[in-house]
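Scroll down for the structure; my scribbles are underneath it.
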Amino acid sequence: MAWQQKILRVNLSTGSCDIEALNMEWADAYLGSRGLGSKYLYEEMDPAADALSAENKIIFATGPLTGTMASTGGRYTVITKGPLTGAIACSNSGGKFGAELKLAGYDLLIIEGEAAKPVYLHIENEKVEICDAGEIWGQTVWATEDILAAKYRDPLMRFAGIGQAGETLCRYACVVNDKHRAAGRSGVGAVMGAKKIKTIAVRGTAGVRNADPKKFFSVVNEVNARMNDREGMSRDGTLAMMDVTNSFGSLPTRNNRSVRFEGADKLNPEAMHSPNANGHTNIITNGACFGCTIGCGRICKIDPTHFSVKDRPEYHGASGGLEYETAYALGSACGVDDIDAATFAGFLCNEYGMDPISLGGTIAAAMELFDIGAIDEKTTGGIKLEFGNAEALCAIAELTGKGEGFGADIAMGSKRMCEKYGHPDLSMTVKGQEFAAYDGRSMQGMGLAYATSNRGACHLRADPYGHDFETTEIEGKAKIVAETQRDTAFLDASGLCLFPGGCGWGLEDYRALVDAACEGDWSSAERMHETGERIWNLEKLFNLKAGLGKKDDTLPKRILKEPADVGTGKGLVCKLDEMLPEYYAINGWDAQGVPTKDTLSRLGIE
Amino acid sequence: MEVSVTLFGGLRHYLPAGSSFNRCSIELDDGSSLESLLQKIQLPADKPYMVIVNDTKVAGDQFGEITIRSDDQVVLLPPIKGG
Numbered sequence: 002m003a004w005q006q007k008i009l010r011v012n013l014s015t016g017s018c019d020i021e022a023l024n025m026e027w028a029d030a031y032l033g034s035r036g037l038g039s040k041y042l043y044e045e046m047d048p049a050a051d052a053l054s055a056e057n058k059i060i061f062a063t064g065p066l067t068g069t070m071a072s073t074g075g076r077y078t079v080i081t082k083g084p085l086t087g088a089i090a091c092s093n094s095g096g097k098f099g100a101e102l103k104l105a106g107y108d109l110l111i112i113e114g115e116a117a118k119p120v121y122l123h124i125e126n127e128k129v130e131i132c133d134a135g136e137i138w139g140q141t142v143w144a145t146e147d148i149l150a151a152k153y154r155d156p157l158m159r160f161a162g163i164g165q166a167g168e169t170l171c172r173y174a175c176v177v178n179d180k181h182r183a184a185g186r187s188g189v190g191a192v193m194g195a196k197k198i199k200t201i202a203v204r205g206t207a208g209v210r211n212a213d214p215k216k217f218f219s220v221v222n223e224v225n226a227r228m229n230d231r232e233g234m235s236r237d238g239t240l241a242m243m244d245v246t247n248s249f250g251s252l253p254t255r256n257n258r259s260v261r262f263e264g265a266d267k268l269n270p271e272a273m274h275s276p277n278a279n280g281h282t283n284i285i286t287n288g289a290c291f292g293c294t295i296g297c298g299r300i301c302k303i304d305p306t307h308f309s310v311k312d313r314p315e316y317h318g319a320s321g322g323l324e325y326e327t328a329y330a331l332g333s334a335c336g337v338d339d340i341d342a343a344t345f346a347g348f349l350c351n352e353y354g355m356d357p358i359s360l361g362g363t364i365a366a367a368m369e370l371f372d373i374g375a376i377d378e379k380t381t382g383g384i385k386l387e388f389g390n391a392e393a394l395c396a397i398a399e400l401t402g403k404g405e406g407f408g409a410d411i412a413m414g415s416k417r418m419c420e421k422y423g424h425p426d427l428s429m430t431v432k433g434q435e436f437a438a439y440d441g442r443s444m445q446g447m448g449l450a451y452a453t454s455n456r457g458a459c460h461l462r463a464d465p466y467g468h469d470f471e472t473t474e475i476e477g478k479a480k481i482v483a484e485t486q487r488d489t490a491f492l493d494a495s496g497l498c499l500f501p502g503g504c505g506w507g508l509e510d511y512r513a514l515v516d517a518a519c520e521g522d523w524s525s526a527e528r529m530h531e532t533g534e535r536i537w538n539l540e541k542l543f544n545l546k547a548g549l550g551k552k553d554d555t556l557p558k559r560i561l562k563e564p565a566d567v568g569t570g571k572g573l574v575c576k577l578d579e580m581l582p583e584y585y586a587i588n589g590w591d592a593q594g595v596p597t598k599d600t601l602s603r604l605g606i607e
Numbered sequence: 002m003e004v005s006v007t008l009f010g011g012l013r014h015y016l017p018a019g020s021s022f023n024r025c026s027i028e029l030d031d032g033s034s035l036e037s038l039l040q041k042i043q044l045p046a047d048k049p050y051m052v053i054v055n056d057t058k059v060a061g062d063q064f065g066e067i068t069i070r071s072d073d074q075v076v077l078l079p080p081i082k083g084g
């Protein structure tokens with residue numbers, strides 16, 4: 002039995018902390034993590050409630066494989082209603098916090114209500130206390146962890162919490178765990194900020210059991226042997242993608258004005274691994290999350306003579322460096338080719354608790370507003386917010402983290418900010434969430450995946466990569482997007498990471514691990530597809546009840562009307578209107594994108 | 002003639018000795034095809050990749066029909082997923 006079969010429910014309004022039995026019927030239908038957390042959220046809250054109100058709940062959910070010896074079994078998901086999108090938010094993270102929460106004995110931690118004054122949660126197995134956070138409120142993520150680590154003096158205590166961005170309700174504040182891993186997207190950190198809960202400190206020694214340990218160990222060894230293509234990911238991390246998209250012509254550049262960045266070779270793996278003129282090399286080593294045998298994390302240092310950290314020795318140490326999405330958002334999206342500046346802005350995201358994709362996407366939109374004269378230096382407080390200005394990037398990132406000056410506008414996210422300044426079309430978002438690092442014109446499947454993602458634009462809700470790099474023709478893409486959205490939902494629900502899928506594992510390897518760990522027969526592809534489809538439809542229902550609909554399954558005008566300027570997709574716009582009806586039909590949804598009664602009945606949802 | 006080829010991601014493992022970080026020069030007879038160029042690089046048969054020549058992706062069944070010139074930009078990319 003890989004589930005702990007226990008939920009910890011904390012009500013911040015009443016101060017109660019209760020341990021409840023996990024609903025095993027729901028676990029059987031939704032597996033865990035993203036799936037099970039979404040089920041609890043759907044059943045327990047009104048999706049129409051304000052994301053920043055006490056009515057919203059925030060759920061930290063582990064999967065059945067979280068905390069086990071399965072490779073990458075350290076994932077957890079934060080599920081809530083997203084302040085950035087008004088849609089369901091399910092933001093996934095690695096590091097070591099998720100495993101520790103599971104080892105403390107819990108499948109889910111459900112936090113509800115809101116505290117009268119700032120608090121933090123301290124969990125040591127069944128001992129749970131809501132503590133006064135007066136000492137740490139107003140501190141960064143990093144300082145908070147250092148202060149509490151010194152207080153509890155337990156090197157294995159893990160933390161997941163917010164920085165000042167969460168406290169000031171930045172719409173894309175994230176929950177940061179282990180100092181530089183994050184449940185990054187959709188503003189889950191702002192929900193913690195609204196509830197006045199600063200961090201969760203957890204230590205667990207309960208262990209994780211499973212149905213047949215001997216079989217489980219055997220399967221773990223079998224599938225680990227098949228993870229035989231991981232060297233590239235260990236050495237270059239996800240940043241390897243930058244050369245691929247830049248060559249292909251799908252690297253969003255200057256707020257998607259272009260799909261190729263002339264400065265990509267100053268941000269790519271070669272740049273990260275090569276000494277600069279001062280002999281400084283950006284990357285120090287790679288890093289891995291709990292139980293991971295890949296190690297895609299980048300551990301980097303900024304050149305101490307760089308303008309961003311000169312005379313600021315607190316930033317001279319090693320910390321989480323640029324992944325592909327961060328390098329895009331804080332690099333090509335803003336036209337910035339300074340790897341140290343982008344690394345510094347990335348450090349600030351971890352320190353203050355901001356999603357780097359949305360931060361970079363919003364700064365890029367602000368740079369375009371500045372470029373067309375919709376805002377000026379008076380608006381920005383004297384910052385020349387021009388494309389390519391690395392100093393401006395760093396300055397505005399720091400202001401945003403603190404919620405000060407023009408940073409308060411950047412903290413709105415690009416949709417609200419572009420509406421405020423009269424140019425809503427310049428926001429490169431879906432459902433209010435900024436694009437990831439792929440352009441939906443040269444990668445048509447990704448365009449459809451962005452438009453239909455339940456949590457707003459996202460590169461991790463479907464897997465159209467192979468087909469998109471194969472052809473720009475749209476035939477077959479609706480089916481690929483629909484099917485991989487389901488499979489990805491299942492993988493997220495397991496407690497494992499998606500990246501073994503790019504390092505040698507097939508879906509059958511994930512299934513074998515789930516089947517070996519959990520009671521019941523999880524070995525069939527049919528059950529995997531159905532479980533994933535059930536999760537996807539439930540998330541869709543949440544959004545419909547929250548007021549979202551077909552009007553929100555769309556893309557910005559730029560992607561639908563302005564052709565890509567260079568590369569394989571030169572001259573193309575995203576043919577969303579041609580793909581969307583087929584996508585709805587494949588899902589068993591009506592022409593408005595609403596699941597039919599037959600579909601819901603087949604999946605046992607309503 | 003000499004043609005510059007760039008191998009990105011894990012493909013750069015297979016660069017000839019003495020190559021730079023991810024680039025090499027391949028000696029080819031004038032009028033050689035892309036197929037001939039790829040044969041000289043000798044990537045393992047089980048290593049999938051895609052090829053871009055001068056900004057345009059080339060379909061696998063066209064490798065023998067594309068003639069390579071000395072100033073062509075040839076890029077080999079591994080299949081990769083996002084993150």
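Residue numbers (the numbering used here), protein chains in the order written: chain A, 2 to 607; chain B, 2 to 84.
The C-beta atom is built at its ideal place from N, Cα and C for all residues, glycine as well.
Residue contact with chain B for A/V567: present (Cβ-Cβ distance below 8 Å to some residue of chain B).
Judged by DSSP in its simplified three-state form, A/R442 adopts coil rather than helix or strand. As DSSP reads the structure, A/P596 sits in a beta bridge with A/W590. Excluding the 5 residues flanking it on each side, A/N269 has same chain C-beta neighbours closer than 7 Å at L240, M243 and D244, in chain order. Here the segment 170 to 183 of chain A makes contact with the segment 350 to 367 of chain A; the two share three or more CB pairs at distances below 8 Å. Proximity of B/I42 to chain A, defined by a Cβ-Cβ separation below 8 Å, is not satisfied. Residue environment analysis places A/R35 among the buried positions, since at least 16 neighbouring C-beta atoms fall within 10 angstroms of its C-beta. At a cut-off of 8 Å, the C-beta of B/F22 has a neighbouring C-beta in chain A. Taking a contact as a CB-CB distance under 8 Å, the pair A/R258 and A/N247 does not count as one, their CB atoms being some 15 Å apart. Counting C-beta atoms within 10 angstroms of its own C-beta, A/H317 has fewer than 16 neighbours from the protein chains shown and is therefore classed as exposed.
Here A/M158 is buried: its Cβ has 16 or more other Cβ atoms, across all protein chains shown, within 10 Å. Between the beta-carbon of A/R204 and that of A/E101 there is about 7 Å, and that keeps the pair under the 8 Å contact cut.
Assigned with DSSP and collapsed to three states, B/M51 falls in strand.
When DSSP states are grouped into helix, strand and coil, A/R512 belongs to the helix group.
DSSP places A/T380 in the uninterrupted alpha helix (DSSP H) bounded by E378 to T381.
Collapsing the DSSP output to three states places A/H123 in a strand. A/F543 and B/L39 have their C-alpha atoms some 51 Å from each other. One thing to note: A/T430 has its Cβ within 8 Å of the Cβ of A/P557.
At least 8 Å separates the CB of B/L16 from every CB of chain A. Within the segment 44 to 77 of chain B, those residues whose Cβ lies closer than 8 Å to any Cβ of chain A are, in chain order, M51, I53, D56, T57, K58 and V76. Going by beta carbons, A/C335 and A/G361 fall inside the 8 Å limit.
For A/K267, the three-state secondary structure derived from DSSP is helix.
The alpha-carbon separation between B/Y50 and B/L77 amounts to approximately 6 Å. The criterion of a C-beta distance shorter than 8 Å is not satisfied by A/G250 and B/I81.
Here A/R456 is near A/T86, since their CB atoms are less than 8 Å apart. DSSP, reduced to helix, strand and coil, places B/Q63 within a helical segment of the structure shown.
Annotation: the continuous alpha helix (DSSP H) that includes A/D341 extends over I340 to Y353. Taking a cut-off of 8 Å for Cβ pairs, the segment 286 to 296 of chain A and the segment 474 to 484 of chain A do not touch, as fewer than three such pairs fall below it. Where A/E101 is concerned, the enclosing alpha helix (DSSP H) starts and stops at F98 to L104. Each of A/A366, A/E399 and A/E405 was checked against the Cα of A/E387, and the nearest Cα belongs to A/A366. Distance from A/G423 to A/A490 at the Cβ level is roughly 38 Å; contact not present, criterion being Cβ atoms closer than 8 Å. A/G162 is bridged by DSSP to A/V177 and A/T200. For A/N93, the uninterrupted beta strand (DSSP E) segment begins and ends at I89 to S94. The C-beta of B/G11 comes closer than 8 Å to at least one C-beta of chain A. Per DSSP, A/Y325 is one residue of the alpha helix (DSSP H) stretching across Y325 to A330.
Look at B/I81: its C-beta is under 8 Å from a C-beta on chain A.
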